[in-house]
Amino acid sequence: MVKPSDAIPGRRLVMGAAAGMAVAAPWVARAQAGFPNRPITMIIPFPPGGTTDVTLRALAEGASRHLQQQVVVDNRPGAANTLGAAMVARARP
């Protein structure tokens, strides 16, 4: 018969790792205090004037006020939305 403590090997290791990550999380978050430090670009793979465009432009306006950073909306329609997706894939972080 298997004891419950033997059923999951490494249980203490996993719990210890989770506790370690929880303790380290505040320091990791503090390292990102300068974000955003340049304009944010929202790439929309749909043409301007549609529901998605109007919704994301309203979201960009609110985000710009909240983050106190410029948010640029860039519409890249075409090729079944792959142009916008490719632009996002090539974008710098």
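90 is the number that the numbering used here gives the last residue of the sequence shown; the numbers go up by one with no jumps. In this text, a Cβ means the ideal position worked out from N, Cα and C, and glycines have one as well. Just so it is clear, the structure is predicted and the values come from calculations on it, not from any experiment.
For this session: For P44, count neighbouring C-beta atoms within 10 Å of its own C-beta (all shown protein chains included) and say buried if the count is 16 or more, exposed if not.
Result: By the neighbour-count criterion, in which a residue is buried when 16 or more other Cβ atoms sit within 10 angstroms of its Cβ, P44 is exposed.
Problem set entry | Cross-strand partners of T38 (DSSP beta bridge) | When DSSP reads this structure, T38 sits in a beta bridge with V69.
Exercise. Considering only the beta carbon of each residue, do V11 and M39 sit closer than 8 Å?
Worked result: Their beta carbons are not under 8 Å apart, which means V11 does not touch M39 by this criterion.
Exercise. When DSSP labels each residue in this structure, what does R89 get in the three-state scheme?
Worked result: Correct three-state label for R89: coil.
Exercise. Run through DSSP, which three-state label would G59 get?
Worked result: G59 falls in the helix class under three-state DSSP.
Problem set entry | Rounded separation between N78 and G31 - CA only | Note on geometry: alpha-carbon atoms of N78 and G31 lie some 32 Å from one another.
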